[in-house]
Each structure stands twice: as C-alpha cells, then as structure tokens.
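Participant: Protein chains in written order, with our numbering: chain X, 1 to 220; chain V, 1 to 220. Here a beta-carbon is modelled for each residue, glycine too, at the ideal position from N, C-alpha and C.
1. Pairs of beta-carbons, one from the segment 159-172 of chain X and one from the segment 195-214 of chain X, closer than 8 Å: are there three or more?
2. Let me see if you follow: with CB-CB separation under 7 Å, is residue 123/V close to chain X or not?
3. Assuming residue 59/X and residue 11/X are in contact, meaning their beta carbons sit under 8 Å apart, how far apart are those beta carbons, in whole angstroms?
4. Are residue 83/X and residue 105/X touching if we call contact CB-CB under 7 Å?
5. Looking at chain X, is there any beta carbon in it that lies within less than 7 Å of the beta carbon of residue 70/V?
6. So, using beta-carbon positions, are residue 38/V and residue 89/V closer together than 7 Å?
7. Which residue or residues does DSSP assign as beta-bridge partners of residue 135/V?
8. Whole-angstrom Cβ separation of residue 154/X and residue 182/X, contact assumed at under 8 Å?
9. Buried or exposed: which applies to residue 43/X, given that a residue is buried once 16 or more other Cβ atoms fall within 10 Å of its Cβ?
10. Taking 8 Å as the limit between beta carbons, can you name the residues of its chain near residue 186/X, skipping five residues before and five after?
11. I'd like to know whether the C-beta of residue 147/X is nearer than 7 Å to at least one C-beta of chain V.
12. Taking only beta-carbon atoms, is residue 142/X less than 7 Å away from chain V?
13. Compare the C-beta of residue 39/X against all C-beta atoms of chain V and say whether one is closer than 7 Å.
14. Please list, in chain order, the residues of the segment 162-180 of chain V that have any C-beta partner in chain X closer than 8 Å.
15. Using a Cβ-Cβ distance cut-off of 7 Å, determine whether residue 120/V contacts chain X.
16. How many Å lie between residue 150/V and residue 142/V at the Cα?
17. Please name the residue in 197/V, 199/V, 176/V, 198/V whose C-alpha comes closest to that of residue 191/V.
18. Are the segment 128-144 of chain X and the segment 12-25 of chain X touching by the rule of at least three beta carbon pairs closer than 8 Å?
19. Using a C-beta to C-beta distance shorter than 7 Å, which residues of chain V count as neighbours of residue 78/X?
20. If you follow the alpha helix (DSSP H) that residue 189/V is part of, which residue opens it and which one closes it?
21. Between which two residues does the beta strand (DSSP E) harbouring residue 85/X extend?
22. Give the single residue among 115/X, 189/X, 146/X whose Cα lies nearest to the Cα of residue 29/X.
23. The alpha helix (DSSP H) with residue 102/V in it runs from where to where?
24. Leaving out the 5 sequence neighbours to the left and right, which residues in its chain are closer than 7 Å to residue 124/V when beta-carbon positions are compared?
25. Per DSSP, what are the beta-bridge partners of residue 64/V in this structure?
26. Given that a residue counts as buried once 16 or more other Cβ atoms are within 10 Å of its Cβ, and exposed if not, what is residue 9/V?
27. With a threshold of 7 Å between beta-carbons, can residue 156/X be considered close to chain V, or not?
28. Would you say residue 67/V lies against chain A (beta-carbon separation less than 7 Å)?
29. Taking Cβ-Cβ distances shorter than 8 Å, what residues in chain X pair up with residue 91/V?
30. Starting from residue 73/V, trace the alpha helix (DSSP H) both ways and give me its first and last residue.
31. Indicate the three-state DSSP secondary structure (helix, strand or coil) for residue 152/V in the structure shown.
32. Report all residues from its chain with a CB closer than 7 Å to the CB of residue 217/V; omit the five preceding and five following residues, and keep chain order.
33. If you measure between the beta carbons of residue 137/X and residue 40/X, is that distance less than 7 Å?
34. Would you grab the beta carbon distance between residue 166/V and residue 197/V for me? Rounded to a whole angstrom, and I think it's under 8 Å.
35. Relative to chain V, which residues along the segment 183-195 of chain X have a C-beta separation below 7 Å, given in chain order?
36. List, in chain order, every chain X residue whose beta-carbon is nearer than 9 Å to that of residue 135/V.
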C-alpha cells in the first residue's frame, strides 16, 4: 500500500518533470540541477560561476532550501533573476515546486538556469526536476568514501565537482581513490577539481558549462 | 491522502520507538542517536569516543548506511558489538530498523548504545528511534549558517558537537555566530567544540557522555 502511494508520487513527479523539460527545451535554456550535502559549496560554486560567465551567458537561479533565504540574498549582488523556494520541511525539490517557481522567472531571455537543490546527498537524486544536466558537488572535507555510502547520486549524475581541494593535505582525502570508485560506478561522469576559496579549477568548470549551454541553445 | 499515509507511517514509527525506549530503559542502556551530514565526522567521533571510554563504559554501536559496511569495518578494531544496518536507499533510520538490529545485539551487558544515523541533516530528525539522547555533529567545513537552513535538527537535538575546529582559520566559519543562532533556536542545547583530527575537545565530550550514561544506569 505504501509502495503504491510512493509510486504514485514518483509517477506524478515524472510527468511534471517531462513538461518542465519541454519548456526548457522550447526556450533554449540549459537547466542544471545542482545537488550536494549541506555546506559542500553549492552557493559558492554558483556565485563563482556567475562571476566567470558574466556577459557571456544569461543566467537565472532557483534556490531551494527548507527554510530561510540566506542563499538567495548572497546572489543579489549579481543582479540576475533569482527565485527562492522554501520547501517547508521537505528534504528535496520536486518538479511541481520548479513549475511553480517558473511562474516567477522569464525563461525567454535565459541561456542557463541553475537549480540549487536542498542540501542532501540522498533524496534529491530520486526526484527529476526536468533538468538536462545533473550535477553534484562533493567537498574534500566529506571524505573520499562517500560514493560507496550514497551510491545513487554518484551513479546518476552527469558531472561531479570536487570542491575544497585546498583542504587536501589537511585530511586523508585520496583523490585517486575517489576517481576510481566514481568512474567504476559511472564511467561517463565528468569530474572537475576546484576550490571555491582559492579559485583553482573554476575556469575549466565555467568554460565547460558555457560550452554545454551553447550546445543547448544551438539545439533549440 | 498522501498526508494521511505519512501520518500513519509516523504513528507506527512513534509506537515502535516507545517500545525500543522501554527496552533500553529496562536494560539500563543509554541510547544515543547520532545525526549529521555526510562526512561531518560521525564515525570518527564514535571511534574517538570508544578509545577514550575504553574500560570505563561497555559500549555497542549500530551503524546506519544506505549501502556498504565501510563504517562498521572501521570500528572492528575496538572489539565491541557492532551491527550494520543497510537501509537499501532510505535516507534515514527508523524505529523498526533499530528493533530488527536489536535481535543481533545483547543489551544486557551494555551501558551505552551509539546509533550512527544515515548522513543527512534533514530526514533523520523526523524519525525517533527510541533514543533518550539526540546528538548531532556540524562540521566547520559546512559553515555557520546551517541552523537557519536545516532548523529541525538543530532545534530538536540535546547536544551539538562542532567538529573539525582545526579548519576554523581556513574558512569564514564564525563560532560565535553559530552559537548565537543555535541557542536562540534551542536554549537548552549543549555544545562541544572538537577536532577528531587533532583530538582537541574530545576529552570533555567523552567525560560528559560517560556522566550521562552513568545517570541512565543509576536510573535503571
């Protein structure tokens, strides 16, 4: 009985996600779902990406949080469209929340829509939002063993950004072991190593993301 | 309809949690639920606690993970009873999982049972396990703004361990602001500042936990 209801929820979400996907495609917008644990650096990566792609891509952001508008406030300085979703307790964004947020954001002029999910390495992976790019961050501070313990997100993401590389030396984090484990689970995943604190590796990430967005626009 | 089903799940969990609680009480065992984001240092704190309380308390551990037995393996060296629960996808432990784990652990000889929850700052807070001590870790690497964004766990925990204090100068983490925010949400919470890497602050934590366990034994 419980399982039937859950399947109902997943089916309903899947249907709305496909509608969102069509909307993004029709508007030539690359929609990226950005997932990670709390404090892995989602908002910092977005802020750095906005800085690096300023004047090159037209970007909008949807900020997902259980409560508060701390993250949306941080992005005000970039003068781009930002919509804050408060889930009111829910541990992930879903496609219906995104559809509601889209009432407050004009997709027409955008090239890239970044959707920052709730900080959670588990549940967000189960709910498609209509994105065509599934991205995740792992912070060096979290440790290289996380793919074994939270397999769905690592096996289901298109791109992994390993953040806080400035902390490598201060922990027992083993980048080679992380890469081996992740690539065994997900051979097609693209991995970037960055530090939002020092700026290391961010240009390569931003260049790649711009290329992906331009391909979306071309495929409109 | 969905909400009714969810209420059913919560009610069923609450009922089993109360049964677990009675079992712990009857056996004079302090049961501690340990919650945190992935990689905040739950297993490291447990390992350090086992080391510091060796010969002083009889301790058992239940390890909760979505997949793998990485954490249980790490604790093998301490030669104590360890049971690994794999939730198979679920983002939190629940009281029924704990009851099943208790078939594999003899409470009689124990003083303290540490239950490491799935790494998740959201969902575990909603499911009581029968514990009488609710503890959480926040890693300095996650940032001091987390209580505002994940309020339930911070407002509902008895004790907060702030881990990785050795990373303080390497981030913009503001301990005073964290303490202010948390105490405003939860005036009775007890806060420890530790570094599992350097050992700083761990003795005070272990002494406090031993005292709490002795009070439980006395109240048997």
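Facilitator: By the coordinates alone:
1. Taking a cut-off of 8 Å on C-beta distances, the segment 159-172 of chain X touches the segment 195-214 of chain X, as three or more cross pairs fall below it.
2. Answer yes: the Cβ-Cβ gap between residue 123/V and chain X drops below 7 Å somewhere.
3. Cβ atoms of residue 59/X and residue 11/X stay farther apart than 8 Å, at about 32 Å.
4. Yes, Cβ-Cβ distance for residue 83/X and residue 105/X is below 7 Å.
5. Yes, residue 70/V lies at the interface with chain X (some Cβ there is under 7 Å from its Cβ).
6. Their beta carbons are not under 7 Å apart, which means residue 38/V does not touch residue 89/V by this criterion.
7. Bridge partners of residue 135/V: 34/V, 159/V.
8. Between residue 182/X and residue 154/X the Cβ distance is about 6 Å, and since that is below 8 Å, they are a contact.
9. With 16 or more other Cβ atoms inside 10 Å of its own Cβ, residue 43/X counts as buried.
10. Taken in chain order, the residues that qualify are 154, 155, 156, 157.
11. Against chain V, the CB of residue 147/X has no partner CB under 7 Å away; the residue lies outside that interface.
12. Chain V, which has a Cβ nearer than 7 Å to the Cβ of residue 142/X, makes this yes.
13. By this cut-off, residue 39/X is an interface position.
14. Under the 8 Å Cβ criterion, the segment 162-180 of chain V contributes 164, 166, 167, 170, 171.
15. Interface residue, yes.
16. Cα to Cα, residue 150/V sits roughly 12 Å from residue 142/V.
17. Nearest option by C-alpha distance: 176/V.
18. Yes: the two stretches touch, three or more of their Cβ pairs being nearer than 8 Å.
19. Here the premise fails: no neighbours, minimum Cβ distance about 19 Å.
20. Looking at the DSSP string, residue 189/V is not in any alpha helix (DSSP H), and its letter there is neither H nor E.
21. 82-86 is the extent of the beta strand (DSSP E) around residue 85/X.
22. Minimum Cα distance to residue 29/X is reached at 115/X.
23. Note, residue 102/V: premise wrong, no alpha helix (DSSP H); not H, not E.
24. Closer than 7 Å at Cβ, skipping near neighbours: 35, 92, 93, 117, 118.
25. As DSSP reads the structure, residue 64/V sits in a beta bridge with 85/V.
26. Within 10 angstroms of the beta-carbon of residue 9/V lie fewer than 16 other beta-carbons, which makes it exposed.
27. At a cut-off of 7 Å, the C-beta of residue 156/X has no neighbouring C-beta in chain V.
28. The structure shown contains no chain A; its protein chains are X and V.
29. Neighbours of residue 91/V on chain X, chain order: 91, 120, 122, 123.
30. Note, residue 73/V: alpha helix (DSSP H), 70-75.
31. Correct three-state label for residue 152/V: helix.
32. Correct list, in chain order: 28, 111.
33. Yes, the pair counts as a contact, with Cβ atoms nearer than the cut-off.
34. Residue 197/V and residue 166/V do touch by the CB rule: their CB atoms are close to 5 Å apart, below 8 Å.
35. Correct list: empty, as no residue qualifies.
36. Per Cβ cutoff of 9 Å: no residues; residue 135/V is ~17 Å from chain X at best.
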